[in-house]
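Asks: If you count the sequence shown from 1, you need to add 9 to reach our numbering.
Let me begin by handing over the structure; questions about it come next.
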Amino acid sequence: MITTIKHNNQSYKIDLSKPLDISIPLRASQENVNAWYIDRPRIEPVTDGEWIGKVSEGASTNFNNIYFNPHGHGTHTECVGHITPEFYSINDVLKQYFFIAEVISILPEKQGKDYIITIDHIKNAITSVQPEALIIRTLPNTEDKCNKHYSNTNWPFLTEEAARYLKKLNIEHLLIDLPSVDKEKDDGKLLAHKAFWGYPKATRHYATITEMIYVDTKIPDGQYLLNLQIAPFVNDASPSKPVLYKML
């Protein structure tokens, strides 16, 4: 399934039969990735008296309720409504779903008790000319990112300067394999979120941040076509399924 994409006077060939899924699936299990001090997600059959919505229990269909938090239970895409008193929905904000993207790998730098992603890390890693989306894979890149419990781990984070630089580069969609672009406990400052979105003085309502992805080590750094898929939730964030396609 080879197709040619024409964008900004450039032509790109991709094979639609070879998607590279960089999302983490949501499971009703303690093994599910987790952050922000919440319990695991639950997927349970509806019950009505003695009736249980499960084929193995005699029902004609499986009929489940799902209880989860998009920010704490897996790959999710959020808009500026995540940090504003006004309501903004990711379903209204994200209107296009294909973007020229670059994957970069960064080893966060130790600073005191923290590990940070700096502006120099970004400058040294980006090789594309004006990517619309940037996908940050932190090193070391271990498979336990798919089921890690992040609460109280003080994960690595972007500096405010680095996030502001991404805004300057006109990166519209930022994806990262951490629970947040900001420090876990920062007294609510959210410096990287605010710098990337330009909030509150020059807010980029169209920009998005996707967190808790997993970019397999088999996927090399470089340029890709990104298909950023969300569920149509009327909420500041939605579970999402970012998929990459290699440029041929």
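Backbone N, C-alpha and C fix where the C-beta goes; we use that ideal spot for every residue, glycine too.
Candidates H202, I222, H80: which alpha carbon is nearest R213's?
Replies: As a working note, residue 213 is residue 204 in the sequence shown. Of H202, I222, H80, the residue nearest in Cα terms is H202.
Asks: Whole alpha helix (DSSP H) runs in the stretch 80-122 with 4 or more residues, listed along the chain?
Replies: 99-102
Asks: My output table needs one value for F205: the three-state DSSP class, helix, strand or coil.
Replies: Indexing the sequence shown from 1 puts residue 205 at position 196. Correct three-state label for F205: helix.
Asks: Which one or two residues does DSSP pair with N74 in a beta bridge?
Replies: In the sequence shown, counting from the first residue as 1, residue 74 sits at position 65. DSSP lists E53 as partners of N74.
Asks: How big is the Cα-Cα spacing for T47 and N17?
Replies: As a working note, residue 47 is residue 38 in the sequence shown. As a working note, residue 17 is residue 8 in the sequence shown. According to the sequence provided, residue 47 is Ile. The question's Thr does not apply to it. Roughly 44 Å between the two C-alpha positions.
Asks: For the beta strand (DSSP E) holding A172, just list the boundary residues, first then last.
Replies: As a position in the sequence shown, residue 172 is number 163, starting the count at 1. Run containing A172: none in the beta strand (DSSP E); it sits in the alpha helix (DSSP H), 169-177.
Asks: Quick one: using the 10 Å Cβ neighbour count with 16 as the cut-off for buried, is G197 buried or exposed?
Replies: The residue you call residue 197 lines up with position 188 of the sequence shown. Per the 10 Å Cβ criterion, exposed.
Asks: Quick check: what's the CA-CA separation for I75 versus K27?
Replies: Residue 75 sits at position 66 when you count from the first residue of the sequence shown. Residue 27 sits at position 18 when you count from the first residue of the sequence shown. I75 and K27: Cα-Cα distance of roughly 30 Å.
Asks: Taking the alpha carbon of E53 as the reference point, which residue from Q105, A44, V64 has its own alpha carbon closest?
Replies: Here residue 53 is taken as the residue at index 44 of the sequence shown, counted from 1. Of the listed residues, the one whose Cα sits closest to E53 is V64.
Asks: On the DSSP bridge assignment, give the partners of S249 in chain order.
Replies: Walking along the sequence shown from the start, residue 249 turns up at place 240. Answer is I239.
Asks: When you compare only the Cα positions, how much space is there between N179 and R173?
Replies: The residue labelled residue 179 in the question sits at position 170 within the sequence shown. The residue labelled residue 173 in the question sits at position 164 within the sequence shown. Distance between the alpha carbons of N179 and R173: 10 Å.
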